[in-house]
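What follows is a short report on a single structure.
Numbering (this note's numbering), first residue to last: 6 to 655.
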């Protein structure tokens, strides 16, 4: 009976949990993760986690020292998959399932954060609004399908905030202990989490200032401030001690390994040095770092940063304004209609969620700014949130904007955005009726006007949407014609799409495939932007193979499988028209792409090339003419190690 009452009381929250789970599982089903084919951060995390799972040895990244906690977690899931007798890719699926679980658990966690932060009668409503935002907003839905540190970090960050709120409510020190331990894990996932210790100082001081005894309050502000500072020392020391209990063993490991004091990682100075110059200088700088011993790279980067700042102290701020404006973009519209490619993301299938997400972004940007600046949300905890927001903004402005770097900003802004609609229109009436606080009213209204100006002036959204609809309609027509085998009609439609949105790489790829299907590989190469995307490089290589330009094809294809971020073999087999042939050498600098699936990367021993079979594989040979009776199929295979089962050839 009690359970039924509990379910009935929280039926809306349970419904949001179900919605969050369904949306994340659906998006996972259309966007599988392939980190083994990536040379970006996710590929590095996967390879180091796999090595840890198989050998028990943790190895740092090749050119810098990264936080380790998420790699440990990934390795644990990969190890579990291996113990179950499954390949490492099964461990990747377990990691994604774990990320989905974290995303679902975040729904009640978001509810708890907002409901505890806003103690008004509408606190429950604010909690449900924040939980709903987490459940249905597209950037949060997309988060679990990545192999980055953000899913784990954002969860730990939210738990840390919730524990601090619990301490503020109850004054039970066990919540500070837990908050410190969680913060330590968060710091070993993303080292800037350690700034939380500094941000906790004004929160604790303001909290004890508000609770100071009447006699001390009567004695003046200076004595009150001294009292609040003294009262804050023990909680702050406890929080810091529990944080460093988790962090310091890793620091000791770094000292033993490198004879340098490296608290968590070397990312800060190195990334700052990389971002202080033009993007074109990035690879050259990385090569400089890789020529140095790992232990010396942080000091070298720090010295370079100091030299740059001595010469030009304002260098970090030269792009602040355009970067700040970029923060207020409509994220899905940016990805779908502004960027030059989808970069293998299924954005077209996710369009309803993505466009809804941009509308939600506009709403909660206004609501979040209003809630954050409104006097009715004032409490000591706001100081901690404000410092986190300012730090996160400063980091993005000095470095560069990526959606995953904005997640903590979105989370905190969304938290305060939940308060504003929960109050109905009373928050406006309260601003009007507040005596002596006219400046707070003008601050709120001025900030809202500034946000409106930033959003409206950043892009010409009506023009972008009109052009984008033309492109998508033409793409729909082209895809339909291509599926029906009418490649000439598909070509015409794709050219119309390219005219509506010139330079869009995915349209170029579709047009090139239509031309290749008509037997025009040279014309197909001509429509591709050189190095436009990894798929563009792949197609150019395959088309040059069709023109028997094998050496040029080798140069394009040799390393492509390790860089595409997707299963290149299966994509090429499914989408690329290939020339008929009667013989195929596996490997051969990836000249076999388009005919195979289910194999490992190409390898070579002497003059012989080969591929390992990865579970179930396929070799598809379109023959020049049908096989005749008595024809033979010859397959050369080798098993240099003992096999645990039978190899079937079907």
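Just so it is clear, CB atoms sit at the ideal spot from N, CA and C, and this is done for glycine as well.
Query: Segment contact, 8 Å Cβ cut-off, at least three pairs: the region 42-58 with the region 71-87; Result: yes
Query: Same chain only: Cβ atoms within 8 Å of residue 158, ignoring 5 sequence neighbours per side; Result: 75, 191, 194, 195, 198
Query: Cβ contact check for the region 298-311 and the region 491-509: 3 or more pairs under 8 Å; Result: no
Query: Cβ pair count under 8 Å reaching 3, the region 451-469 against the region 338-350; Result: yes
Query: Local conformation of residue 603 per DSSP, three classes; Result: strand
Query: Length of the line joining the Cα atoms of residue 41 and residue 91; Result: 16 Å
Query: The region 108-125 touching the region 10-26, judged by at least three CB pairs closer than 8 Å; Result: yes
Query: Residue 379, buried or exposed, once every other Cβ within 10 Å from all chains shown has been counted against 16; Result: buried
Query: Supposed contact pair residue 138 and residue 18 - C-beta distance, whole angstroms, cut 8 Å; Result: With 8 Å as the limit, residue 18 and residue 138 do not qualify as a contact, their Cβ atoms being about 13 Å apart.
Query: Contacting residues, own chain, Cβ-Cβ under 8 Å from residue 523 (five flanking each side not counted); Result: 492, 493, 496
Query: For residue 237, the first and last residue of its enclosing alpha helix (DSSP H); Result: 226-263
Query: Element boundaries [alpha helix (DSSP H), containing residue 287]; Result: 287-295
Query: From 387, 419, 414, residue whose alpha carbon lies closest to that of residue 368; Result: 419
Query: Sheet register partners of residue 615 (DSSP bridge); Result: 608
Query: Selection from 599, 560, 343 that minimises the alpha carbon distance to residue 476; Result: 343
Query: Residue from 383, 152, 300, 242 with nearest C-alpha to residue 182; Result: 242
Query: Among 611, 613, 595, 612, nearest to residue 605 - alpha-carbon criterion; Result: 595
Query: Nearest candidate by alpha-carbon position, reference residue 436, set 511, 177, 449; Result: 449
Query: Whole-angstrom distance between residue 460 and residue 166, CA atom to CA atom; Result: 29 Å
Query: 6 Å Cβ shell around residue 537 - same chain, five flanking residues per side excluded; Result: 510
Query: Under 8 Å between C-beta atoms of residue 592 and residue 615; Result: yes
Query: CB of residue 258 within 8 Å of CB of residue 300, strictly; Result: no
Query: Supposed contact pair residue 321 and residue 281 - C-beta distance, whole angstroms, cut 8 Å; Result: 7 Å
Query: Residue-chain proximity (residue 288, chain B), Cβ-Cβ < 8 Å; Result: Judged by its chain identifiers, the structure shown contains no chain B, having just a single protein chain.
Query: Neighbour-count burial assignment, residue 579, 16 or more Cβ in a 10 Å radius; Result: exposed
Query: Spatial neighbours of residue 414 in its chain, beta-carbon cut-off 8 Å, leaving aside the 5 residues before and after; Result: 332, 394, 397, 398, 401
Query: Option nearest residue 116 by Cα separation, candidates 98, 627, 135; Result: 135
Query: Candidates 349, 355, 589: closest to residue 2 by CA position; Result: Lying outside 6 to 655, the shown extent of the chain, residue 2 is not represented and no answer is given.
Query: Selection from 315, 633, 386 that minimises the alpha carbon distance to residue 124; Result: 386
Query: Residue span of the alpha helix (DSSP H) that contains residue 135, given as start and end; Result: 128-141
Query: Own chain, CB closer than 8 Å to residue 250, minus 5 neighbours either side, in chain order; Result: 185, 186, 189
Query: Bounding residues of the alpha helix (DSSP H) (the contiguous stretch that carries residue 427); Result: 424-427
Query: Residue 97 versus residue 65 - alpha carbon distance; Result: 20 Å
Query: Through-space distance from residue 218 to residue 231, alpha-carbon basis; Result: 13 Å
Query: Unbroken alpha helix (DSSP H) run spanning residue 70, endpoints; Result: No alpha helix (DSSP H) contains residue 70, which DSSP labels as neither H nor E.
Query: Residue 575 versus residue 623 - alpha carbon distance; Result: 9 Å
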